[in-house]
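Protein chains: 4
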Amino acid sequence: MSNTTGQLFRVTTFGESHGPAIGCVIDGCPPGIAIAEGDFAHDLARRATGRSRHTSARREADAVEILSGVYDGVTTGTPIALLVRNTDARSKDYAAITRQFRPGHADYSYWQKYGIRDPRGGGRASARETTMRVTAAVIARKWLRERHGVEVRGYLSRLGEHAPTGHDWAAVEANPFFWPAAGDVPALEAYMDALRKSGDSVGAEVTVVADGVPPGWGEPVYGKLDAELAAAMMSINAVKGVEIGAGFAAVTQKGSEHRDVMTPQGFRSNHAGGVLGGISTGQQIVVRTAFKPTSSLRLPVQGLDVDGNVVDVITTGRHDPCVGIRATPICEAMLALVLIDQALRHRAQCGDVGAVSPRVPGGG
Amino acid sequence: MSNTTGQLFRVTTFGESHGPAIGCVIDGCPPGIAIAEGDFAHDLARRATGRSRHTSARREADAVEILSGVYDGVTTGTPIALLVRNTDARSKDYAAITRQFRPGHADYSYWQKYGIRDPRGGGRASARETTMRVTAAVIARKWLRERHGVEVRGYLSRLGEHAPTGHDWAAVEANPFFWPAAGDVPALEAYMDALRKSGDSVGAEVTVVADGVPPGWGEPVYGKLDAELAAAMMSINAVKGVEIGAGFAAVTQKGSEHRDVMTPQGFRSNHAGGVLGGISTGQQIVVRTAFKPTSSLRLPVQGLDVDGNVVDVITTGRHDPCVGIRATPICEAMLALVLIDQALRHRAQCGDVGAVSPRVPGGG
Amino acid sequence: MSNTTGQLFRVTTFGESHGPAIGCVIDGCPPGIAIAEGDFAHDLARRATGRSRHTSARREADAVEILSGVYDGVTTGTPIALLVRNTDARSKDYAAITRQFRPGHADYSYWQKYGIRDPRGGGRASARETTMRVTAAVIARKWLRERHGVEVRGYLSRLGEHAPTGHDWAAVEANPFFWPAAGDVPALEAYMDALRKSGDSVGAEVTVVADGVPPGWGEPVYGKLDAELAAAMMSINAVKGVEIGAGFAAVTQKGSEHRDVMTPQGFRSNHAGGVLGGISTGQQIVVRTAFKPTSSLRLPVQGLDVDGNVVDVITTGRHDPCVGIRATPICEAMLALVLIDQALRHRAQCGDVGAVSPRVPGGG
Amino acid sequence: MSNTTGQLFRVTTFGESHGPAIGCVIDGCPPGIAIAEGDFAHDLARRATGRSRHTSARREADAVEILSGVYDGVTTGTPIALLVRNTDARSKDYAAITRQFRPGHADYSYWQKYGIRDPRGGGRASARETTMRVTAAVIARKWLRERHGVEVRGYLSRLGEHAPTGHDWAAVEANPFFWPAAGDVPALEAYMDALRKSGDSVGAEVTVVADGVPPGWGEPVYGKLDAELAAAMMSINAVKGVEIGAGFAAVTQKGSEHRDVMTPQGFRSNHAGGVLGGISTGQQIVVRTAFKPTSSLRLPVQGLDVDGNVVDVITTGRHDPCVGIRATPICEAMLALVLIDQALRHRAQCGDVGAVSPRVPGGG
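Protein chains in written order, with my numbering: chain A, 112 to 475; chain B, 112 to 475; chain C, 112 to 475; chain D, 112 to 475.
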């Protein structure tokens, strides 16, 4: 079930970068959620390429067609199929690399696994697939918000060596980087312009948070909330690391420093990132994800072809110099998809009732 | 299915820290693997407490009884049930905290989720559960070694601020820390002695690797090898972060630096950590895991009780000052469990045949 | 995962009878199977309505569009999405029953479950969904045939009180009933003409068989081959009973009569229907399925509306007087889908090697 | 996951007939159910052999040990492991058939699948495994009763050619056959005595019903309530057929006869067996299951050995002349396990709220 995520809110995606379409089927969606085809546009635009010079020039319409599961404007509980036609695929860009393995790409591993691969635009391994994650998450976020008051947000917390000099949620949507400090943006733009000109790429880090998650979501011991978040983030193209709360900084922390003290007024800190024992505590859920630099560079590199010959590989397709720039909406989507799934699983086992007392406010 | 890991090599664990027993059921194990009850002792001893002064004083026999699935000394393909009786549980140590929530512990989140919890020794949230992960992995490792020549190893790569000053696999098993640099051990011992005396704890980082993994294991896009490794590691108690290959260091790398060049003689580097597009490349699989400092301290801390009152919490049970010290065998176990599961899934879809040519040696 | 069937060859279907489209996603398909859009037409025509006066007059083009997972004419191992647009839906026929519950229909149970239903043409509960089962099974049957020499066939073994007076496979495809005795067909036609004129409907029984299944497919104890066949058949609209081999006749059999004697030349009988202990024996797999008479009748009947009022229900849409008539291809499809899934699961656990000796020919 | 049944109330069983123990792990059980080790005795005694001369003479203590998941007398939401030691296994009875394949048995199919089998007492293929189904269902039945008022009951509805001459629930528990007509019992006893003396065996049919199931349980289209009931029953040893409601009798019914008319006072009939479109209607759930005659007979029969030689097979172990006699509690157990699983799945997707109006009383 490698193309399905979730156990109860099950999203199955399909489609190749340069195939006729991409899409998904959502199975297990609660009935009664109001959904229209226009509801997807905002989130898809945030993820889309072609909106600034800092992302790939590919410009897709990303028009979502609802094929099933919605009647009279609301979800019916039956599977929701969502379809997006590919409209701006330029497969000829890939003719040269049809028989080559690009270093750092999935070309070689797909070839080794399946004995065949669709080389056009990266095929199934393209980040185009994440379009459907964002699409499916629109419905998940709506349910989380309306039923539980849960809000999922995110921002770019590292762009190469750059770190934000401040944090202002209002700034995040006002620049093409999802950067939380408006004053840093000119420097980032200059940095990206230089990088693009050089033909090289760079890594990035995205932070996503969820506010309003009630205590009790998450299933120990193998379905822990943080375990599923780690898998969800790592399943995104180009991700090499995931942290919850203090993350790797916990390695050098003392226990007396790390443990978050609870008071009747709330937690005093949030090193846990909102998860203890794999179950939400009511605090903010905090997840950080590391993105590698894309390997599709104009800079030539030595590679191999399918006959084992050494060749010079030059990638001429349209690519992002930093895939992390567009990754914030994708990480948000995965966080939302994990949360709705855990919410439904919690409801299955423990019922619809709220958390028991005493309930500590999720501060800290 | 929160207490089951794996899709085809399915391990279901059960048991509380101070209950009568812990155990597991392995379903889907290939038939014909030679297994005897004595085969588990070595790996369990590596994970066990009570073997040095640097871990908890609890000393369990960890005797494994094979209840089913093995006949005439070999696995039969039917479910293998393995049972370990708890023999050194001291539940009275926990009387004081039966109605208290320890900061940084799963006490509060279990209570909120289920409305009830077994407080004795942490109940299900205890690291005692990981005994069965190591036990089940003994069989997985045997199959991986015998059938595919895959070897899984690991070491402690950070102990608080300490980093190894060298790397020698031979050193790892010769000290109680799984530390790869023999010369550093006296300093670590002094550090841990001081820490234990202070009543505090500290975090750590474990690195595990797998050699000999053929290209082709891993299922895009949600069952990627690295995604499942991330979930597997994050499902271990106290883990706050997971990295594959370059991990978070990839954030500041350039693409020209990160991409691993392939030559007919092998890969020139391994920033990918052996995984591209979620599929193994034939290189060494490299996973790093961050462990937080345990929150069970003798140092008093403010907490809440089940009635919402503020109380002073002092943990008097036997605890590890650094849970990461014993975590190397557990991380190895999870790596092995993910690998065997992916191996079987690959065989299901793509058959038993080896990888196709050209095949790049897994160097780098 | 209620709209997904199979564990490793996973087929997820979606779509309502009168929605814009129906479709499916096949995940886990082995790579390298040659598939073209024209390959589906033959099997879909066998299932389709509107081909004889004995089935519903609805006439769909049933044109299959391959959206993903096939490159250069062969499957790539990535998810295969197949789409069929609905072209002949007449939703206005259903206006009258939008707020009524038809007796014997899923109207009431869907309403109770979800609090909403799509009444057009039965919505998701329509047999239209089975189009995608037949479509997906085209690929399964191809793999089963090419790789294992397995052939799946079926016929109508009861039409109301009528039973075949002989058995000739050649006859089955030569009449609109899938009836194995050509001489009986005129009587069946007269019977169906009278039934249709009366406005009533009748039940039927379908028998499907698989030849060439090697011994060893099936997973005890809850994934038994026969258990999954039972679920697969019972998941088809209007099915009320499933038998394997002797089926209910085994109730009055003696053990000395039922047990199938093995000889080096083959089995002497096949009361088992090709399955012992949930695992195939190498004999012919035999499954019989009982279809109820459709409840969509022109004959008025008392029903209830959504406000609880008693109303007269008259179904004016286009319906089959005997849904069993078109059910043979659907039962074949489900048999094929179960077999390929079990074949892949067997390969995962036990490898690609053939059965061990002694191997009894599958006669009897 | 062949040894696990259920998606959310997951029961994994293990153990061979003559191994040291059998057991199960229940994962996903709602917290807060009061359970003690003595709660299992009543249902296990109903299933046990050795209680009358009409069943096998094997007499097991069937003492259930709770290993985990229960604290302070109630379930905690963590996995519940239940263990039953085998105490009356006589493996020497099976020495003769260690290298033989008994006709009608799983000996041959297990051998072909796994290349190895545990021949003692049928190994994993023994009906001994069903002990754990009954054990697990004790908890399921308790939850169904206490939370939803659902009662599961059953009886033997055919014993070879014999059919009950009346129906009295009070009679069922008062005879060793679960027979619903007390007056028939002497004739059945004579019949069974003669059968046992002859060394032969006979088939049987069991009917189980559930009262009080609310409308709305069941997940179309592949997780239909009736589809999962069919799989559950067919997964029991020796089952060859399953019917819901009218079952195979629907083949000869007219639609005007089959469809169950709804009135504000209730349904007028129950040909549907309580399920429409795969979802419960609120009527009584009715399932009938056909059991084949056991193939373990004292009457010699020709068979094969592992070297392919023709041999005379005589089964000398202790066996039931009619396995159906003890099957009523097992069928009840499977019905209960399917119901609790569907109840939790319904709660996950649609919430805890009751069914919507209008609600038809479940009469008929």
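Heads up, the beta-carbon is just placed ideally off N, CA and C, and yes, glycines get one too. As the structure is a computational prediction, the values presented were derived from the model and not from experiment.
Residue i Cβ short of 8 Å to the ligand COA heavy atom set
i                 : result
Val283 of chain C : Because no ligand of any kind appears in the structure shown, any question about the ligand COA cannot be addressed here.
Nearest-angstrom Cβ-Cβ length linking residue i and residue j, presumed shorter than 8 Å
i                 : j                 : result
Val449 of chain A : Leu340 of chain A : 5 Å
Gln211 of chain C : Gly414 of chain C : 6 Å
Asp229 of chain C : Thr187 of chain A : 6 Å
Gly226 of chain D : Gly143 of chain B : 6 Å
Leu267 of chain A : Phe288 of chain A : 5 Å
Pro172 of chain C : Thr198 of chain C : Reading off the sequence, residue 172 of chain C comes out as Ala, not Pro. Their Cβ separation, rounded to whole angstroms, is 5 Å, which keeps Ala172 of chain C and Thr198 of chain C in contact under 8 Å.
Tyr333 of chain C : Thr115 of chain D : 6 Å
Asp371 of chain D : Pro214 of chain C : 6 Å
Rounded straight-line distance, which links the Cα of residue j to that of residue i
i                 : j                 : result
Ser309 of chain D : His165 of chain D : 13 Å
Phe120 of chain B : Leu336 of chain D : 28 Å
Leu194 of chain A : Ala145 of chain C : 25 Å
Arg196 of chain A : Ala292 of chain C : 48 Å
Val386 of chain B : Gly161 of chain A : 29 Å
Phe359 of chain C : Val317 of chain D : 11 Å
Ser113 of chain C : Asp295 of chain A : 49 Å
Arg456 of chain B : Gly356 of chain A : 33 Å
Leu178 of chain A : His216 of chain A : 33 Å
Thr189 of chain A : Ala238 of chain B : 41 Å
Arg470 of chain B : Val136 of chain A : 36 Å
Ala447 of chain D : Ala248 of chain D : 6 Å
Ser468 of chain C : Ser346 of chain D : 27 Å
Trp290 of chain C : Met445 of chain C : 19 Å
Ser380 of chain D : Val185 of chain B : 55 Å
Gly475 of chain D : Val412 of chain D : Caution applies to Gly475 of chain D, whose pLDDT of 48 falls short of 50 and renders its modelled position unreliable; the model cannot decide the point.
Nearest candidate by alpha-carbon position, reference residue i, set the options
i                 : options                      : result
Ser163 of chain B : B:Ser346, B:Thr318, B:Glu300 : B:Glu300
Ala168 of chain A : A:Leu119, A:Arg228, A:Arg201 : A:Arg201
Val122 of chain C : C:Ala343, C:Leu155, C:Ser220 : C:Ala343
Ile441 of chain C : C:Arg307, C:Asn348, C:Trp290 : C:Asn348
Pro131 of chain B : B:His153, B:Lys224, B:Arg235 : B:Arg235
Leu255 of chain C : C:Ala454, C:Asp463, C:Pro472 : C:Ala454
Ala174 of chain C : C:Phe151, C:Tyr182, C:Asp218 : C:Phe151
Residue interval of the alpha helix (DSSP H) (run including residue i)
i                 : result
Gly134 of chain D : Premise fails: Gly134 of chain D lies in the beta strand (DSSP E), 132 to 138, not in any alpha helix (DSSP H).
Asp452 of chain C : 439 to 461
Thr242 of chain D : 241 to 259
Leu336 of chain B : 336 to 345
Endpoints, beta strand (DSSP E) assigned at residue i
i                 : result
Gly126 of chain C : 121 to 126
Gly366 of chain A : Note, Gly366 of chain A: premise wrong, no beta strand (DSSP E); alpha helix (DSSP H) at 366 to 369.
Val424 of chain D : 421 to 424
Glu148 of chain C : Glu148 of chain C -> no beta strand (DSSP E), and no H or E assigned at all.
Gln413 of chain B : 412 to 416
Ala321 of chain D : 315 to 322
Glu272 of chain A : Taken as a continuous stretch (DSSP letters only), Glu272 of chain A belongs to no beta strand (DSSP E), as it is neither H nor E.
Leu299 of chain D : No beta strand (DSSP E) contains Leu299 of chain D, which is instead part of the alpha helix (DSSP H) from 296 to 309.
- Message: Quick check: the region 432 to 445 of chain A against the region 313 to 324 of chain A, are at least 3 beta-carbon pairs closer than 8 Å?
- Response: With a cut-off of 8 Å, the region 432 to 445 of chain A and the region 313 to 324 of chain A count as touching, because enough Cβ pairs lie within range.
- Does the pairing of the region 363 to 370 of chain A with the region 396 to 405 of chain B give three or more beta-carbon distances under 8 Å? In the pairwise beta carbon analysis, the region 363 to 370 of chain A is classified as touching the region 396 to 405 of chain B: at least three pairs are separated by under 8 Å.
- Task: Count the C-beta pairs between the region 249 to 265 of chain D and the region 318 to 334 of chain D that are closer than 8 Å, then say yes if the count reaches three, no if not.
- Result: Yes, the region 249 to 265 of chain D is in contact with the region 318 to 334 of chain D.
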